[in-house]
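A quick write-up on the structure given underneath.
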Amino acid sequence: MANLKTRYMGLEIDSPLVAGSSGLTRDAAGVARLEGAGIGAVVLKSIFEEQVTHEVDGMAGPGTGVDAHPEAAEYIRAYGTAHAEENYLERITESVAAVRIPVIASIHCVQAGKWVDFARKAQQAGASGIELNVFVPPFDASVDGRQIEQLYIDIADSVRRVVTVPVSMKIGYHFTGMANFLKALSGHVDALVLFNRFFRMTIDTETMKLVPSVPYSEKHEHEISLRWVSGLFGVLGCDIAASTGINSADVAVKMILAGASAVQVSSVLYQGGVDSVGTINKGIAEWMDRHGFSSIEDFRGSVSRNYSTNQSQFDRVQFMKFSVGHE
Ligand SMILES: Cc1cc2nc3c(=O)[nH]c(=O)nc-3n(C[C@H](O)[C@H](O)[C@H](O)COP(=O)(O)O)c2cc1C
Numbered sequence: 246m247a248n249l250k251t252r253y254m255g256l257e258i259d260s261p262l263v264a265g266s267s268g269l270t271r272d273a274a275g276v277a278r279l280e281g282a283g284i285g286a287v288v289l290k291s292i293f294e295e296q297v298t299h300e301v302d303g304m305a306g307p308g309t310g311v312d313a314h315p316e317a318a319e320y321i322r323a324y325g326t327a328h329a330e331e332n333y334l335e336r337i338t339e340s341v342a343a344v345r346i347p348v349i350a351s352i353h354c355v356q357a358g359k360w361v362d363f364a365r366k367a368q369q370a371g372a373s374g375i376e377l378n379v380f381v382p383p384f385d386a387s388v389d390g391r392q393i394e395q396l397y398i399d400i401a402d403s404v405r406r407v408v409t410v411p412v413s414m415k416i417g418y419h420f421t422g423m424a425n426f427l428k429a430l431s432g433h434v435d436a437l438v439l440f441n442r443f444f445r446m447t448i449d450t451e452t453m454k455l456v457p458s459v460p461y462s463e464k465h466e467h468e469i470s471l472r473w474v475s476g477l478f479g480v481l482g483c484d485i486a487a488s489t490g491i492n493s494a495d496v497a498v499k500m501i502l503a504g505a506s507a508v509q510v511s512s513v514l515y516q517g518g519v520d521s522v523g524t525i526n527k528g529i530a531e532w533m534d535r536h537g538f539s540s541i542e543d544f545r546g547s548v549s550r551n552y553s554t555n556q557s558q559f560d561r562v563q564f565m566k567f568s569v570g571h572e
């Protein structure tokens with residue numbers, strides 16, 4: 246039987262499947278359930294930097310729109326606003342005591358600031374790594390791309406200065422010159438998680454108000470991540486975890502073929518239950534057996550863009566195949 250053991254951000258994991266940060270990784274019970282199902286590692290529910298700096302009060306309450314934001318609303322309900330920091334550290338300690346898999350703490354942040362010392366406390370509480378969930382929305386037309394990119398690098402550096410455990414960063418794909426920037430950023434972290442699925446909104450045409458869209462991803466959404474995992478494998482100086490739309494063994498295998506060291510799952514755990522972990526692990530192992538691979542490293546990155554000898558032609562040929570097939 247194929248061996249699913251692998252390494253992600255320097256951590257030994259028994260399966261490349263990592264539970265992405267969500268309400269399902271909020272406490273020790275949830276983390277233990279995921280371990281029982283066969284997950285390789287978990288990323289705990291995020292703490293918001295505003296919770297650490299006690300600047301969250303204005304974020305909650307009627308009219309603030311927090312309920313439209315699943316990450317924020319869940320977070321505030323889970324930890325409250327008063328003792329968020331202590332509560333979160335307790336959740337780390339309890340989770341670490343309950344399982345043997347790596348437990349990665351998650352901090353949702355938009356700038357380097359006085360919250361950074363919290364990363365050191367998270368390490369002291371037993372976290373095996375820190376995932377930084379960073380989203381600086383590029384909406385401000387007066388701020389240029391380089392200023393925004395520098396924020397990501399400053400955040401990574403400031404956290405790495407206070408911890409010795411590995412640090413990853415989960416990001417979106419709203420950057421210009423993305424390969425160039427992510428290559429630079431990869432020198433400041435142990436892994437990049439490509440990509441977060443930020444909360445989406447739509448307009449209710451009856452009330453004429455902005456309303457939250459579906460919080461869960463669909464399978465086809467994996468294709469944006471797949472393109473970039475494939476394009477950045479061998480280019481980045483850090484590990485890659487694929488994220489968004491990974492809801493089956495088939496998609497997980499694609500991400501590993503493209504070059505991912507780990508695949509993060511969240512929506513599938515909500516929609517298919519925690520037992521989906523076992524189904525996906527089994528599917529990956531059966532695929533490996535069928536193709537004669539005994540370890541993840543035997544095939545990781547073998548269908549990446551970097552593996553192709555003539556990369557610009559690779560892009561062009563993929564496009565030509567598509568357009569010729571659709572005349
Ligand atoms: C209900 C819910 C809560 C989430 N909360 C967080 C969070 O606190 N921090 C975070 O980094 N990501 C959070 N996410 C995003 C997921 O970790 C993941 O990046 C995203 O859902 C894409 O993966 P998926 O397609 O497997 O769901 C949340 C997602 C869902 C559905």
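Counting from 246, one number per residue, gives the positions in the sequence shown under our numbering. Quick reminder that beta carbons are idealized off the backbone N, C-alpha and C, glycines included.
Would the C-beta of residue i count as close to ligand 1, meaning under 7 Å from any of its heavy atoms?
| i | result |
| --- | --- |
| residue 353 | yes |
| residue 513 | yes |
| residue 261 | no |
| residue 378 | yes |
| residue 356 | no |
| residue 490 | yes |
| residue 479 | no |
| residue 387 | no |
| residue 395 | no |
| residue 374 | no |
| residue 383 | no |
| residue 442 | yes |
| residue 296 | no |
| residue 510 | yes |
| residue 265 | yes |
| residue 464 | no |
| residue 290 | yes |
| residue 415 | yes |
| residue 457 | no |
| residue 460 | yes |
| residue 422 | no |
| residue 518 | no |
Do you know offhand how far residue i's Cα is from residue j's?
| i | j | result |
| --- | --- | --- |
| residue 361 | residue 404 | 6 Å |
| residue 500 | residue 470 | 8 Å |
| residue 310 | residue 506 | Note that residue 310 has pLDDT 49, beneath the 50 cutoff, so the model's placement of it is unreliable and no number is given. |
| residue 308 | residue 452 | Bear in mind that a pLDDT of 48 at residue 308, under 50, signals an unreliable position, so the number given afterwards is only what the model happens to contain. In a straight line, the C-alpha of residue 308 is about 16 Å away from that of residue 452. |
| residue 254 | residue 390 | 28 Å |
| residue 423 | residue 446 | 24 Å |
| residue 416 | residue 366 | 23 Å |
| residue 386 | residue 421 | 14 Å |
| residue 448 | residue 276 | 35 Å |
| residue 286 | residue 264 | 6 Å |
| residue 371 | residue 338 | 6 Å |
| residue 289 | residue 373 | 11 Å |
| residue 408 | residue 293 | 18 Å |
| residue 306 | residue 349 | Residue confidence for residue 306 is low, a pLDDT of 49 falling below 50, so the modelled location carries little weight; the figure read from the coordinates is stated next. Using only the alpha carbons, I get a separation of about 29 Å. |
| residue 433 | residue 402 | 6 Å |
| residue 431 | residue 488 | 17 Å |
| residue 536 | residue 359 | 50 Å |
| residue 248 | residue 539 | 6 Å |
| residue 474 | residue 331 | 36 Å |
| residue 545 | residue 551 | 12 Å |
Judging by CA-CA distance, which residue of the options is the nearest neighbour of residue i?
| i | options | result |
| --- | --- | --- |
| residue 393 | 382, 401, 461 | 382 |
| residue 509 | 486, 431, 533 | 486 |
| residue 419 | 380, 437, 446 | 380 |
| residue 462 | 542, 493, 437, 448 | 493 |
| residue 497 | 430, 530, 413 | 530 |
| residue 472 | 449, 519, 271, 440 | 440 |
| residue 335 | 488, 271, 294 | 271 |
| residue 295 | 474, 517, 357 | 357 |
| residue 364 | 437, 340, 333 | 333 |
| residue 328 | 351, 299, 353, 518 | 299 |
| residue 464 | 512, 437, 267 | 512 |
| residue 435 | 268, 340, 376, 541 | 376 |
For residue i, list the residues DSSP reports as bridge partners.
| i | result |
| --- | --- |
| residue 253 | 256 |
| residue 354 | 379 |
| residue 293 | 353 |
| residue 232 | Absent from the model: residue 232. The displayed extent of the chain is 246 to 572, so no value can be given. |
| residue 248 | 540 |
| residue 447 | 456 |
Exercise. Flag this pair as touching only if the segment 445 to 465 and the segment 477 to 485 have three or more C-beta atom pairs under 8 Å; answer yes or no.
Key: These segments do not touch.
Self-check item: Given 8 Å, three or more beta-carbon pairs between the segment 516 to 526 and the segment 260 to 267
Solution: Yes, the segment 516 to 526 touches the segment 260 to 267.
Quiz item: Between the segment 344 to 351 and the segment 266 to 281, are three or more C-beta pairs nearer than 8 Å?
Solution: yes
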